[in-house]
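Number 99 in our numbering belongs to position 99 of the sequence shown; there are no gaps in the numbering. The beta-carbon is built from N, C-alpha and C at its ideal position, and this holds for glycine as well. Fair warning: this is a prediction, and the values are worked out from it, not measured in the lab.
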Amino acid sequence: MKKTLNINIGNSIIHIEEDAYEALTIYLNDIKAHFARNADDFEIVTDIENRIAEMFREILTGQQKQAIGINDVQQIITQMGTVKDFESSEDEPEQFVPPHTPGVKRLYRDIDNGMVAGVCAGLGHYLDIEARWIRLIALLSILAGGAGILAYLVTWIIIPRAQTRSEKMYMKGEAVNLQGFIRNFQEELENHHLFKQSGTFISEFLSVTGNFLGGTGKVILKITAGFIIFMCGVMLVSAIMTGAVFFGVFDTATNEIFPLSMVNDSYVPWLLLSGFTLIAVPLLALILFSIRVAFNGRPVHRSVSFGLLIIWLFAIGSTAYMVAKTVSDFKEHTEITQVNPLKAYQTYSLELDNYKTFSHQDSITYQIAGTHKGRVILDDDDRPFQEPDNVNIRIEKSLDGKYAVVQTMGANGKTFGDALSNAQAIKYDFLQQDSVLKFSSKPHMDQRTKWRNQEVTLTVKMPVGTSLIISKKLNQYLSSYRSWDCEQVEEKENEPFVEWIMTENGLKCKYEKPGKDQEEH
């Protein structure tokens, strides 16, 4: 039985027979002697030892052997080649480069020639296709829907990178022997393209990202930062102008604008200031950050940035406090009911009254007595930022045979007493002129009264058999009744009203649309 030794080659512990070890030592000494002339050649010796160790492991695993024998070493020397095979050619004037010998090809990422992570370059080697065509296909797949990005990341993770010289030679399909090592090493020295890379996928990803941000990505970041500065500047100027409008620079009555009409007068200036701060500070911070990215410098001192943060947090707290105080003013709800008897008619007309009624105080406030005396003023109901109208009209069958309009006014308040006062302060214009019933489009409150969900519900009580001619302008105020539910007589098709009649089952169209009854049943 032959004596065996344990040797360390290529950072691997290998069991080898003594005569095989002697043959291996002679072979490695020849290689070291040949490459000892240049300090740069020490790396190729290490790569050759790593390759031999890899071949030893394959033999031990494949043949289930315990130790490497002399025949195994001779087989490896035959595959790798000897120094004598190419030593004589080095005396020639030009350096000898062994011709390419094809070998087994494996799929690796070519991180030396890759633009991002070497996926396309590695696939190009494996498929014998130029890497630029693989990159073009990848780019088109990204532009077509973004699926290429996911596919690239997946292949980046699952395909290993070619780190060792053997792996790089396998990737290109070169024979992994002495000639291949020499040829590969000389190519790297000529091209100055040798990069040692190590680490996990995450570290490699961060490294690639850092290189990108330091090159092309830096230009893109500067362009993006400039665009952000411009857009945020426009929005900041718009916020300043809007704030100026609300603060009354252009004579705007802010306490008549919803939802500011909900807020107590003492809170309005502070709420506007806090709201402006909540918008302006993030915009200003984004501008300063973009300037820092674009010009690689801090535009303001750190203390200024910290001060802006404190101001912004204070604005958040102030806004939250004022919103909470305003919400508490809606805690209680109460209603007041008033019955208005009507003069009896067989047919009534219901119309929308858009005339505005002014009190004596309103006349003084708006200087109506001097400038609009004797004129009728229409209420402009199309202005933006108005409180909800909160007017609801119901038409029901009268159970006692009397004609009446039941007027219910409701409001919210912090306490029951506040809610009652707010409900009592509602002024609603309802008028009967003979058989014409006119309804205002909104309730009216004193200018000093804040909006507390004031609402008016009008229940029109009509006996059975009463006809109603309802203006189409009342559609948005009516509950459960719409003009388009009814069929119009041809000569009245374009009239601004619809005819209804009160029945035992409630209000019905005077002229039903065909098939409506079947739909209801």
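Going straight from the alpha carbon of residue 226 to that of residue 324, what length do you get? Sequence index remark: in the sequence shown, residue 226 carries index 226 (1-based). Sequence index remark: in the sequence shown, residue 324 carries index 324 (1-based). When rounded, the distance between both Cα atoms is 39 angstroms.
CB residue 417 to CB residue 333, shorter than 8 angstroms? Against the sequence shown, residue 417 aligns to sequence position 417. Against the sequence shown, residue 333 aligns to sequence position 333. 8 angstroms or more divides the Cβ of residue 417 from the Cβ of residue 333.
At what residues does the alpha helix (DSSP H) containing residue 424 begin and finish? Counting from one through the sequence shown, the residue named residue 424 turns up at place 424. Here the alpha helix (DSSP H) through residue 424 covers 416-424.
Beta-carbon within less than 7 angstroms of residue 464's beta-carbon, same chain only, minus the 5 sequence neighbours each way: which residues are those? Counting from one through the sequence shown, the residue named residue 464 turns up at place 464. Excluding residues within five positions, the ones whose Cβ falls inside 7 angstroms are 397, 502, 503 and 504.
Using the beta-carbon count (16 or more within 10 Å), is residue 301 buried or exposed? Looking up residue 301 in the sequence shown gives position 301. Around the C-beta of residue 301, fewer than 16 other C-beta atoms lie within 10 Å, and the residue is accordingly described as exposed.
Take residue 157 as the anchor and find which of 392, 415, 109 and 407 has the nearest alpha-carbon. By 1-based counting over the sequence shown, the position of residue 157 is 157. Selection 392, 415, 109 and 407 evaluated against residue 157 yields 109 as nearest (Cα-Cα).
Inter-residue spacing [alpha-carbon to alpha-carbon] between residue 349 and residue 472: As a working note, residue 349 is residue 349 in the sequence shown. As a working note, residue 472 is residue 472 in the sequence shown. Residue 349 and residue 472 have their C-alpha atoms some 11 angstroms from each other.
Which of the three DSSP states, helix, strand or coil, is assigned to residue 129? Start at 1 with the first residue of the sequence shown, and residue 129 comes out as number 129. Residue state, collapsed to three classes: coil.
Strand pairing of residue 467, partner residues [DSSP]: The residue labelled residue 467 in the question sits at position 467 within the sequence shown. Beta-bridge pairing links residue 467 to 347 and 501.
What first and last residue would you give for the alpha helix (DSSP H) that runs through residue 325? Within the sequence shown, the letter at position 325 stands for residue 325. First-last of the alpha helix (DSSP H) with residue 325: 302-328.
Using C-beta distances below 7 angstroms, list every residue in its chain close to residue 294, excluding the 5 sequence neighbours before and after it, in chain order. Mapped onto the sequence shown, residue 294 falls at position 294. When the five nearest sequence neighbours on each side are left out, the beta carbons in the same chain lying within less than 7 angstroms of the beta carbon of residue 294 are those of 222, 225 and 226, in order along the chain.
Taking its Cβ as the centre, do 16 or more other Cβ atoms sit within 10 Å of residue 131, making it buried, or is it exposed? For the purposes of this step, residue 131 is taken as the residue at position 131 of the sequence shown. Buried.
For residue 279, which residues of its own chain have a beta-carbon under 6 angstroms away from its beta-carbon, when the five flanking residues on both sides are left out? Numbered from its first residue, the sequence shown carries residue 279 at position 279. So the qualifying residues of the chain are 239.
Which of helix, strand or coil does DSSP assign to residue 240? Mapped onto the sequence shown, residue 240 falls at position 240. Residue 240 falls in the helix class under three-state DSSP.
Within this structure, are the beta carbons of residue 450 and residue 351 separated by less than 8 angstroms? Along the sequence shown, read from residue 1 onward, the residue named residue 450 stands at position 450. Along the sequence shown, read from residue 1 onward, the residue named residue 351 stands at position 351. Going by C-beta atoms, residue 450 is not nearer than 8 angstroms to residue 351.
State the Cα-Cα distance for the pair residue 312 and residue 296, rounded to the nearest angstrom. Mapped onto the sequence shown, residue 312 falls at position 312. Mapped onto the sequence shown, residue 296 falls at position 296. Distance from the CA of residue 312 to the CA of residue 296, rounded to the nearest whole angstrom, comes to 25 angstroms.
Where the beta strand (DSSP E) containing residue 603 begins and where it ends: As displayed, the chain neither begins before 1 nor continues past 521, which places residue 603 out of reach and without an answer.
Find the nearest neighbour of residue 10 within the set 401, 56 and 271, judged by alpha-carbon distance. Taking the sequence shown and counting its residues from 1, the one referred to as residue 10 is at position 10. Among 401, 56 and 271, the Cα nearest to that of residue 10 is on 56.
What do you get for residue 317, buried or exposed, if any count of 16 or more other CB atoms within 10 angstroms of its CB means buried? Reading the sequence shown from its first residue, position 317 is the one you call residue 317. Around the beta carbon of residue 317, a 10 Å sphere encloses fewer than 16 other beta carbons of the protein chains shown; the residue is thus reported as exposed.
Own chain, CB closer than 6 angstroms to residue 466, minus 5 neighbours either side, in chain order: On the sequence shown, residue 466 is found 466 positions in, with the first residue counted as 1. Excluding positions up to five away in sequence, the list reads 502.
C-alpha distance - residue 52 paired with residue 152, whole-angstrom precision: As a position in the sequence shown, residue 52 is number 52, starting the count at 1. As a position in the sequence shown, residue 152 is number 152, starting the count at 1. Taking the straight line joining both Cα atoms gives about 34 angstroms.
Cβ-based burial, residue 506 [other Cβ within 10 Å; buried from 16]: In the sequence shown, counting from the first residue as 1, residue 506 sits at position 506. A residue is called buried when at least 16 other Cβ atoms come within 10 angstroms of its Cβ; residue 506 does not meet this threshold and is exposed.
What's the call for residue 138, buried or exposed, on a 16-neighbour Cβ count within 10 Å? If you number the sequence shown from 1, residue 138 lands on position 138. By the Cβ neighbour-count rule, residue 138 is buried, with 16 or more other Cβ atoms within 10 Å of its own.
Proximity test, residue 429 beta-carbon vs the ligand SAM heavy atom, cut-off 7 angstroms: Summarising the ligand content, the structure contains no ligands, and the ligand SAM is consequently not present.
Taking the continuous beta strand (DSSP E) assigned at residue 506, which residues delimit it? What you label residue 506 is simply residue 506 of the sequence shown in a count that begins at 1. Per DSSP, residue 506 belongs to the beta strand (DSSP E) from 506-509.
Paired residues, beta bridge with residue 395 - DSSP: Along the sequence shown, read from residue 1 onward, the residue named residue 395 stands at position 395. Note: residue 395 sits in a beta bridge opposite 460.
Please name the residue, chosen from 445, 122 and 407, that lies closest to residue 336 on a Cα-to-Cα basis. What you label residue 336 is simply residue 336 of the sequence shown in a count that begins at 1. Taking residue 336 as reference, the option from 445, 122 and 407 with the minimal CA-CA separation is 407.
Assuming residue 6 contacts residue 15 under a Cβ cut-off of 8 angstroms, what Cβ separation, rounded to an integer in Å, is found between them? Taking the sequence shown and counting its residues from 1, the one referred to as residue 6 is at position 6. Taking the sequence shown and counting its residues from 1, the one referred to as residue 15 is at position 15. So it is a contact: roughly 6 angstroms between Cβ atoms.
Between which two residues does the beta strand (DSSP E) containing residue 340 stretch? Counting from 1 along the sequence shown, the entry for residue 340 is found at position 340. Annotation: the continuous beta strand (DSSP E) that includes residue 340 extends over 332-341.
Using beta-carbon positions only, say whether residue 173 and residue 105 come within less than 8 angstroms of one another. Translated into the one-based positions of the sequence shown, residue 173 becomes position 173. Translated into the one-based positions of the sequence shown, residue 105 becomes position 105. Yes, they are a contact pair.
Per DSSP, which residues does residue 353 bridge with? Please list them. Looking up residue 353 in the sequence shown gives position 353. Assignment of beta-bridge partners to residue 353 by DSSP yields 440.
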